[in-house]
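Novice: Numbering (the working numbering), first residue to last: 83 to 484. The structure is given below, and queries will be raised subsequently.
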Amino acid sequence: MEENQEQQQQQQTKILITNRVLLSIKEASSLIGKGGNTIENIRQEHNVKLSLSPQIPRCSDRVLTCGGDLVDVCNAIADCVAVLNREIPFNERYVNHSYKVLNFILPKPTIDELGDEELLEEGELHDNAMKSESTKAEEEYLFSIGNLRLILSDSEIAVIIGTQGKRIKNLISTYGVKIVASKKELYESDDRILEFQGHPASIAKCLIEVNETLIASFAHIKHGRQYYPHTTFKEVFNVPKEYVGALMGYKGNRIVNLRKFAKCSIKVSEKVDNNGSRSFTITSDHKSGVEKALRLLQNNYKEEIRKRESGYYTNNNARDKNKNNKNNNNNNSIDDNNNNNDNSSSSNSSNTNNVNNNNNSTNAIHDNDDSDTDGSEEKRSKNNDNKDHQESYSNHLDKTIY
83 MEENQEQQQQ QQTKILITNR VLLSIKEASS LIGKGGNTIE NIRQEHNVKL
133 SLSPQIPRCS DRVLTCGGDL VDVCNAIADC VAVLNREIPF NERYVNHSYK
183 VLNFILPKPT IDELGDEELL EEGELHDNAM KSESTKAEEE YLFSIGNLRL
233 ILSDSEIAVI IGTQGKRIKN LISTYGVKIV ASKKELYESD DRILEFQGHP
283 ASIAKCLIEV NETLIASFAH IKHGRQYYPH TTFKEVFNVP KEYVGALMGY
333 KGNRIVNLRK FAKCSIKVSE KVDNNGSRSF TITSDHKSGV EKALRLLQNN
383 YKEEIRKRES GYYTNNNARD KNKNNKNNNN NNSIDDNNNN NDNSSSSNSS
433 NTNNVNNNNN STNAIHDNDD SDTDGSEEKR SKNNDNKDHQ ESYSNHLDKT
483 IY
């Protein structure tokens with residue numbers, strides 16, 4: 083009776099939680115193990131519910147859901163990290179995935195960053211390995227470091243980060259693990275990734291505090307749309323090499339605008355295949371985006387063929403040439419008009435000079451007339467003077483005779 087009461091009390095004090103982890107297809111396969119033995123052993127050892135989301139064709143990711151007591155769940159997830167470290171070689175863990183969310187945010191670890199004696203003790207390495215400075219001991223410890231993509235809602239991540247990042251910094255310094263949150267939300271959800279990097283035992287301890295913090299802040303957390311695995315859609319469109327430049331546009335502007343409009347990735351192959359074609363590879367999380375980009379590319383290709391067959395570019399070149407000739411002729415006409423205007427100005431200047439000359443001639447004639455008049459007056463004056471002289475002389479003679 084007393085034992086049953088203790089068990090009931092322990093069950094009542096247990097805190098039940100559910101954690102979700104994002105995995106790649108390869109990671110999920112390694113975790114399942116041959117005949118499902120690996121994942122089943124973790125279930126039984128930690129008494130948790132451990133399940134994977136259904137595998138979707140052409141889907142690059144799966145979600146691991148672990149439910150049960152808080153401590154059991156955190157330890158089970160840490161064991162999953164240890165299994166992945168054991169089954170997947172170190173260098174293969176950090177390959178680039180087509181679905182970018184699967185790429186780890188944190189860089190590949192080095193012994194200089196995490197090679198602390200306290201961390202080595204938490205990593206449960208043997209004393210001789212801790213004291214040994216051999217490369218083998220360093221590699222063993224380095225290979226035991228794993229990564230975890232914990233799926234949390236946007237509001238949950240805000241709680242873990244804390245005011246000015248104080249809470250997440252405290253977790254990093256306390257448990258000797260690296261923690262970083264993704265900036266973007268997962269496809270069609272309000273979820274983001276909280277990534278951990280460290281030894282599985284350290285990750286387990288850190289996860290316990292993370293979950294305790296979320297439970298304490300449950301009243302302040304808003305639960306939105308959850309993330310579910312999805313298919314990455316892909317289409318390949320082959321185009322003869324002579325049309326690639328036209329479809330890409332000047333400095334690739336046309337293809338850049340198409341990427342933005344359809345919200346998808348479009349990559350153009352550099353190599354030409356045996357048929358003399360280059361490929362446009364379109365990928366997106368949205369099927370509609372891939373279909374839209376493919377349709378626009380096909381329409382642009384057909385339009386380019388039509389233009390070339392109809393002589394569109396030849397006619398345009400001829401039209402441009404005629405336009406240039408017309409502009410040149412107009413410029414020549416303008417120059418001729420300017421020359422005529424200059425000649426007219428010269429003629430006007432000549433006429434003005436002639437008028438001035440005529441005026442001068444007229445003035446000269448008037449001056450001559452004035453001079454002639456003055457001459458006649460002088461003659462008349464002289465004649466009068468002579469006459470007076472003769473009269474005075476006659477008078478003198480008369481006077482003399484008398």
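Virtual Cβ for every residue (Gly too), placed ideally from N, Cα, C.
Among the candidates Lys96, Ala263, Ile114, whose CA atom is the shortest distance from the CA of Ser133?
Specialist: Taking the sequence shown and counting its residues from 1, one reaches residue 133 at position 51. That would be Ile114, whose Cα lies nearest to the Cα of Ser133.
Novice: Per DSSP, what are the beta-bridge partners of Cys148 in this structure?
Specialist: Locating residue 148 in the sequence shown gives position 66, where the first residue counts as 1. For Cys148, which the question treats as bridged, DSSP gives the partners Asn101, Leu132.
Novice: Where does Lys96 fall in DSSP's three states?
Specialist: Walking along the sequence shown from the start, residue 96 turns up at place 14. The answer is coil: DSSP assigns Lys96 none of H, G, I, E or B.
Novice: Which two residues bound the contiguous alpha helix (DSSP H) that contains Gln380?
Specialist: Working through the sequence shown from its first residue, we reach residue 380 at position 298. First-last of the alpha helix (DSSP H) with Gln380: 369-391.
Novice: When you compare only the Cα positions, how much space is there between Asp154 and Glu270?
Specialist: On the sequence shown, residue 154 is found 72 positions in, with the first residue counted as 1. On the sequence shown, residue 270 is found 188 positions in, with the first residue counted as 1. Roughly 30 Å between the two C-alpha positions.
Novice: Do Ser163 and Asn101 have their C-beta atoms within less than 9 Å of each other?
Specialist: Stepping through the sequence shown from its first residue, residue 163 is reached at position 81. Stepping through the sequence shown from its first residue, residue 101 is reached at position 19. At residue 163 the sequence reads Val, which differs from the Ser that was named. Cβ distance not < 9 Å, so Val163 and Asn101 don't count as in contact.
Novice: Unbroken beta strand (DSSP E) runs of length 3 or more, entirely within the segment 236-324: which are they?
Specialist: Here the runs fully enclosed are 260-263, 273-280, 315-322.
Novice: Taking Cβ positions, are Ile107 and Ala158 nearer each other than 9 Å?
Specialist: Translated into the one-based positions of the sequence shown, residue 107 becomes position 25. Translated into the one-based positions of the sequence shown, residue 158 becomes position 76. Not a contact, by the Cβ cut-off of 9 Å.
Novice: Which parts of the segment 336-363 are runs of the beta strand (DSSP E), unbroken and 3 residues or longer, counting only runs that do not cross its ends?
Specialist: Listed in chain order, the complete beta strand (DSSP E) runs (minimum 3 residues) inside the segment 336-363 are 347-350.
Novice: In three-state terms, what does DSSP make of Ser106?
Specialist: The sequence position of residue 106 within the sequence shown is 24, counting from 1. If DSSP states are grouped into helix, strand and coil, Ser106 belongs with the strands.
Novice: Distance, Cα to Cα, Asp161 vs Gln380?
Specialist: One-based indexing of the sequence shown puts residue 161 at position 79. One-based indexing of the sequence shown puts residue 380 at position 298. Cα to Cα, Asp161 sits roughly 50 Å from Gln380.
Novice: Spell out the partners DSSP gives Asn229 in its beta bridges.
Specialist: In the sequence shown, residue 229 corresponds to position 147, counting from 1. In DSSP, Asn229 forms a bridge with Gln279.
Novice: Contact check, Phe319 vs Lys369 under 8 Å by CB: the rounded distance?
Specialist: Here residue 319 refers to the residue found at position 237 when the sequence shown is read from its first residue. Here residue 369 refers to the residue found at position 287 when the sequence shown is read from its first residue. The pair is not a contact, with the Cβ atoms about 16 Å apart (cut-off 8 Å).
Novice: Does the count of Cβ pairs from the segment 345-356 and the segment 384-392 closer than 8 Å reach three?
Specialist: Too few Cβ pairs lie closer than 8 Å, so no.
Novice: Using the C-alpha atoms, what's the distance from Ile337 back to Val130?
Specialist: Position 48 of the sequence shown, counted from the start, is the residue given in the question as residue 130. Position 255 of the sequence shown, counted from the start, is the residue given in the question as residue 337. One C-alpha to the other measures close to 50 Å.
Novice: Once the 5 residues before and after Asn178 are set aside, which same chain residues still bring their CB inside 7 Å of it?
Specialist: By one-based count along the sequence shown, residue 178 stands at place 96. These residues qualify, in order along the chain: Asn185.
Novice: Within this structure, are the beta carbons of Ile187 and Val241 separated by less than 9 Å?
Specialist: Locating residue 187 in the sequence shown gives position 105, counting from the first residue. Locating residue 241 in the sequence shown gives position 159, counting from the first residue. Against a cut-off of 9 Å, the Cβ pair of Val241 and Ile187 comes out as no contact.
Novice: Let me check one thing: in DSSP terms, what residues is Ser366 bridge-paired to?
Specialist: Locating residue 366 in the sequence shown gives position 284, where the first residue counts as 1. Beta-bridge pairing links Ser366 to Phe315.
Novice: Does the beta-carbon distance from Val165 to Ser112 come in below 9 Å?
Specialist: Position 83 of the sequence shown, counting from 1, holds the residue named residue 165. Position 30 of the sequence shown, counting from 1, holds the residue named residue 112. Yes; because the gap between Cβ atoms is below 9 Å, this pair is in contact.
Novice: Would you verify that the beta carbon of Ser237 is, or is not, closer than 9 Å to some beta carbon of chain D?
Specialist: Of the chains in the structure shown, none is chain D; there is only one protein chain.
Novice: In angstroms with no decimal places, state the Cα-to-Cα distance between Ala219 and Ser226.
Specialist: If you number the sequence shown from 1, residue 219 lands on position 137. If you number the sequence shown from 1, residue 226 lands on position 144. Their backbone Cα atoms lie some 11 Å apart in a straight line.
Novice: May I ask you to list the residues that DSSP assigns as paired with Leu234?
Specialist: In the sequence shown, counting from the first residue as 1, residue 234 sits at position 152. DSSP output for Leu234 lists Arg274 as bridge partner(s).
Novice: Anyone know if the C-beta pair for Ser366 and Val321 falls short of 9 Å?
Specialist: Here the question's residue 366 lines up with position 284 in the sequence shown. Here the question's residue 321 lines up with position 239 in the sequence shown. No, the Cβ-Cβ distance between Ser366 and Val321 is not below 9 Å.
Novice: Looking only at its chain, what residues have a beta carbon closer than 8 Å to the beta carbon of Glu127, apart from the 5 residues adjacent to it on each side?
Specialist: Along the sequence shown, one-based indexing puts residue 127 at 45. Answer for Glu127: Ala158, Asp161, listed in chain order.
Novice: Alpha carbon to alpha carbon, what distance is there between Leu104 and Tyr181?
Specialist: As a working mapping, residue 181 is identified with position 99 in the sequence shown. As a working mapping, residue 104 is identified with position 22 in the sequence shown. Cα-Cα distance, rounded: 12 Å.
Novice: Which whole-angstrom value describes the C-beta separation of Leu234 and Glu291, a residue pair presumed to lie in contact below a C-beta threshold of 8 Å?
Specialist: Mapped onto the sequence shown, residue 234 falls at position 152. Mapped onto the sequence shown, residue 291 falls at position 209. Actually they are not in contact, since the Cβ atoms of Leu234 and Glu291 sit about 14 Å apart, beyond 8 Å.
Novice: Ignore the nearest five residues each way along the sequence and tell me which others in Ser299's own chain have a CB closer than 7 Å to its CB.
Specialist: Working through the sequence shown from its first residue, we reach residue 299 at position 217. Excluding sequence neighbours, Ser299 sits near Val241.
Novice: Can you give the Cα-Cα distance for Lys363 and Leu376, rounded to whole angstroms?
Specialist: For this step, residue 363 is matched to residue 281 along the sequence shown. For this step, residue 376 is matched to residue 294 along the sequence shown. Sequence inspection shows Thr at residue 363; the Lys mentioned does not correspond to that position. Cα-Cα distance, rounded: 9 Å.
Novice: So, under 8 Å CB-CB, Phe278 and Leu232 are touching, yes? Tell me the CB distance rounded to an integer number of Å.
Specialist: Residue mapping note: residue 278 aligns to position 196 of the sequence shown, counting from 1. Residue mapping note: residue 232 aligns to position 150 of the sequence shown, counting from 1. Contact flag correct, Cβ pair sits at about 7 Å.
Novice: Could you tell me the alpha carbon to alpha carbon distance between Leu146 and Met330, rounded to whole angstroms?
Specialist: On the sequence shown, residue 146 is found 64 positions in, with the first residue counted as 1. On the sequence shown, residue 330 is found 248 positions in, with the first residue counted as 1. Roughly 41 Å separates the two Cα atoms.
Novice: Exposed or buried, Asn339, counting other C-beta atoms within 10 Å across all chains shown (16 or more means buried)?
Specialist: For the purposes of this step, residue 339 is identified with residue 257 of the sequence shown, where counting begins at 1. It counts as exposed.
Novice: Among Thr256, Lys96, Lys266, Thr295, whose alpha-carbon lies nearest the alpha-carbon of Ile285?
Specialist: By 1-based counting over the sequence shown, the position of residue 285 is 203. The candidate whose alpha carbon is nearest that of Ile285 is Thr256.
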